[in-house]
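Peer 1: Pasting a structure here, questions to come.
Residue numbers (our numbering), protein chains in the order written: chain A, 1 to 351; chain B, 352 to 605.
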């Protein structure tokens with residue numbers, strides 16, 4: 001009886017070691033327009049590291065891939081950087097990109113495919129998952145083990161710990177929950193592999209399907225830090241009453257060197273562009289400092305920022321629900337308070 | 352053009368949910384339920400396209416327990432033409448988005464659908480997956496997080512999408528799948544006469560047994576559901592100066 005158990009144990013160990021060598025993760029990387037690696041990708045790499053498997057980082061595009069590959073290969077803890085250059089990836093659409101990932105998976109047989117929970121990741125990961133008959137786990141905030149993850153539900157008012165029994169796990173990672181992976185100082189970099197598009201285009205799955213055509217984009221140009229990863233965020237709500245008034249929020253953010261956010265109501269009313277929206281269905285942020293001015297603090301807004309380290313609330317209404325989660329709450333008219341604060345900050349910084 | 356609109360019955364957005372003491376889910380007894388807000392927007396989008404003559408028929412679909420019929424009636428009252436309820440009352444755990452997508456894909460074939468409009472995400476699971484999956488299974492193009500839809504021709508739409516950096520515009524050939532984002536439209540309220548009329552509109556009930564070829568098993572098991580971490584209480588400051596001092600002392604003025 002003991003001999004049979006030992007045999008089974010040895011057999012399991014052999015299988016486990018073999019499987020361990022074959023397990024690996026793919027992180028689908030994203031680029032900023034200036035060619036740098038998106039902070040969300042760096043956070044996703046941190047999450048991938050917690051899976052304790054070799055990590056391949058992929059970038060797709062039509063130009064400047066060598067530049068980003070060099071940057072990427074100096075990130076600590078990667079096994080390799082994969083780049084694929086093709087005109088169809090100049091402005092990526094979900095359909096052919098997903099098909100390409102399917103072909104890549106056939107070749108590399110990853111056990112985990114991750115992307116940031118960005119508008120890109122959310123667009124492609126579920127499509128890839130359905131093509132591979134996998135149930136993805138979206139918006140992961142914690143890696144418990146290689147098959148168990150935590151994610152927020154009900155606008156973050158509950159946290160579900162879930163376990164996936166698919167042999168391939170597809171995950172989108174909430175950047176606010178994972179620190180950005182570090183770049184190493186030495187030039188002992190991970191290898192860069194240029195993938196040949198021809199090895200992936202022969203499949204009918206790519207050539208025969210109907211795809212969307214990218215026509216144009218209206219992107220916010222800004223010198224300010226990226227909202228999703230900024231250290232300081234200053235947000236305004238409906239109380240600002242106009243696009244012109246909203247500029248005092250921008251000035252406030254600029255005085256602190258922060259990013260600008262907005263409540264859904266402010267965006268709906270046209271006071272702020274959609275990509276400034278912080279909330280359950282907008283951006284999720286967790287800065288060192290979050291200041292909300294003229295925002296009542298609906299559940300859906302809180303979902304987007306309640307993990308901020310320090311929360312400051314400025315509102316005329318002492319009963320505004322937002323005060324319940326504020327570290328510092330000031331009941332006052334933002335049109336008086338904010339300009340005063342901007343002056344005080346500028347004066348202090350000029351000393 | 353026949354359109355399928357997906358609607359889900361969810362806990363109303365204004366409800367403060369509580370986690371069950373057994374940590375296996377959310378307290379749902381006696382809690383107000385409503386149509387998922389993004390699905391109202393999806394329904395409204397289909398109705399507007401029908402009013403403009405682009406769509407001929409709107410089929411509202413809900414995969415859920417018996418009470419999902421109420422949600423479908425709301426769709427019909429808003430202006431959908433007929434409804435299909437896939438009753439999951441006999442299934443213990445809620446079907447995953449992948450399973451829902453498989454069912455919707457079948458319905459698209461059976462009902463000869465040319466355009467699928469779903470809400471971007473449901474506010475309970477917050478998954479934001481189903482639309483993308485339906486598109487994948489059909490091999491159709493997808494335009495998610497749509498904030499505006501323009502008909503270019505009988506088989507092309509111009510869709511603006513809300514993305515992290517701003518807006519992106521796609522030209523999408525039909526048939527296709529769209530998912531509705533917040534600013535796509537402002538949904539109408541169903542008027543009382545329309546609510547009454549909706550009772551006469553056809554509502555077909557199916558169950559998962561009507562889809563024997565589909566594999567609808569769960570891949571994801573919920574181990575626990577916990578409340579989020581709580582914050583320690585903060586302080587009220589009385590003056591702007593006090594607030595300024597707080598920011599300075601915390602090192603935010605460096």
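Every residue gets a Cβ at the ideal spot worked out from N, C-alpha and C, and that includes glycine.
Taking Cβ positions, are residue 78(A) and residue 55(A) nearer each other than 7 Å?
Peer 2: Note that the C-beta distance between residue 78(A) and residue 55(A) is below 7 Å.
Peer 1: By DSSP, does residue 213(A) sit in helix, in strand, or in coil?
Peer 2: In the structure shown, residue 213(A) sits in a strand (DSSP, three-state: E or B).
Peer 1: I want to see whether chain A comes within less than 7 Å of residue 479(B), judged by CB atoms only; does it?
Peer 2: yes
Peer 1: Mind listing the chain A neighbours of residue 498(B)? Cutoff is C-beta to C-beta under 9 Å, in chain order.
Peer 2: Contact note: residue 498(B) reaches chain A through 274, using a C-beta cutoff of 9 Å and chain order.
Peer 1: Drop a sphere of 10 angstroms on the beta-carbon of residue 302(A), count the other beta-carbons inside from all chains shown, and report buried for 16 or more, exposed for fewer.
Peer 2: buried
Peer 1: Am I right that residue 180(A) and residue 87(A) are in contact with their C-beta atoms under 8 Å? What's the rounded C-beta distance?
Peer 2: With 8 Å as the limit, residue 180(A) and residue 87(A) do not qualify as a contact, their Cβ atoms being about 31 Å apart.
Peer 1: Who are the neighbours of residue 96(A) on chain B, taking C-beta pairs under 8 Å?
Peer 2: In chain order: nothing, as chain B lies at least about 10 Å away.
Peer 1: Measuring only between beta-carbons, confirm whether residue 221(A) sits less than 7 Å from chain B.
Peer 2: no
Peer 1: From this set, 375(B), 376(B) and 435(B), which residue's C-alpha is nearest residue 355(B)'s C-alpha?
Peer 2: 435(B)
Peer 1: Kindly list, in the order they appear in chain A, the residues whose Cβ is closer than 7 Å to that of residue 433(B).
Peer 2: Neighbours of residue 433(B) on chain A: none; closest Cβ ~27 Å, over 7 Å.
Peer 1: Among 443(B), 553(B), 360(B) and 500(B), which one has its Cα closest to the Cα of residue 386(B)?
Peer 2: 360(B)
Peer 1: Taking the C-alpha atoms as reference points, what is the distance between residue 170(A) and residue 162(A)?
Peer 2: 13 Å
Peer 1: With C-beta atoms as the reference, is residue 159(A) less than 7 Å away from residue 372(B)?
Peer 2: no
Peer 1: Whole angstroms is fine: what's the gap from residue 191(A)'s alpha carbon to residue 522(B)'s?
Peer 2: 38 Å
Peer 1: For residue 567(B), I'd like the list of residues in its chain whose CB is within less than 7 Å of its CB, leaving aside the five on either flank, ordered along the chain.
Peer 2: 446, 450, 453 and 559
Peer 1: CA-CA distance, residue 504(B) and residue 525(B)?
Peer 2: 10 Å
Peer 1: Taking 8 Å as the cut-off, does the stretch 101-109 of chain A touch the stretch 133-146 of chain A (at least 3 CB pairs, one atom from each stretch)?
Peer 2: In short, these stretches do not touch, since the Cβ pair count stays below three.
Peer 1: Do residue 337(A) and residue 591(B) have their CB atoms nearer than 7 Å?
Peer 2: yes
Peer 1: Does the Cβ of residue 236(A) have 16 or more other Cβ atoms within 10 Å, making it buried, or fewer, making it exposed?
Peer 2: With 16 or more other Cβ atoms within 10 Å, it is buried.
Peer 1: Apply the 10 Å Cβ neighbour rule to residue 21(A) and answer buried if 16 or more other Cβ atoms are within range, or exposed otherwise.
Peer 2: Note on residue 21(A): pLDDT 45, under 50, position unreliable in the model; no value is reported.
Peer 1: In chain A, which residues lie less than 7 Å from residue 494(B) when you measure between Cβ atoms?
Peer 2: Those are 212, listed as they occur along chain A.
Peer 1: Which runs of the alpha helix (DSSP H) fall wholly inside the stretch 366-445 of chain B and span at least 4 residues, in chain order?
Peer 2: Runs found: 388-402 and 419-429.
Peer 1: Keeping to the same chain, check which residues put their C-beta closer than 7 Å to that of residue 604(B); ignore five residues upstream and five downstream.
Peer 2: 598
Peer 1: Specify, as a first and last residue, the run of the beta strand (DSSP E) that residue 496(B) falls within.
Peer 2: 493-504
Peer 1: 7 Å is my cut-off, CB to CB: does residue 177(A) come that close to chain B?
Peer 2: no
Peer 1: Pick from 404(B), 602(B), 538(B) and 561(B): whose alpha carbon is nearest that of residue 461(B)?
Peer 2: Nearest Cα to residue 461(B) within the set 404(B), 602(B), 538(B) and 561(B): 561(B).
Peer 1: May I ask which residues mark the beginning and end of the alpha helix (DSSP H) holding residue 59(A)?
Peer 2: From DSSP, residue 59(A) is part of no alpha helix (DSSP H) but of the beta strand (DSSP E) over 55-61.
Peer 1: From which residue to which residue does the alpha helix (DSSP H) around residue 96(A) run?
Peer 2: 94-108
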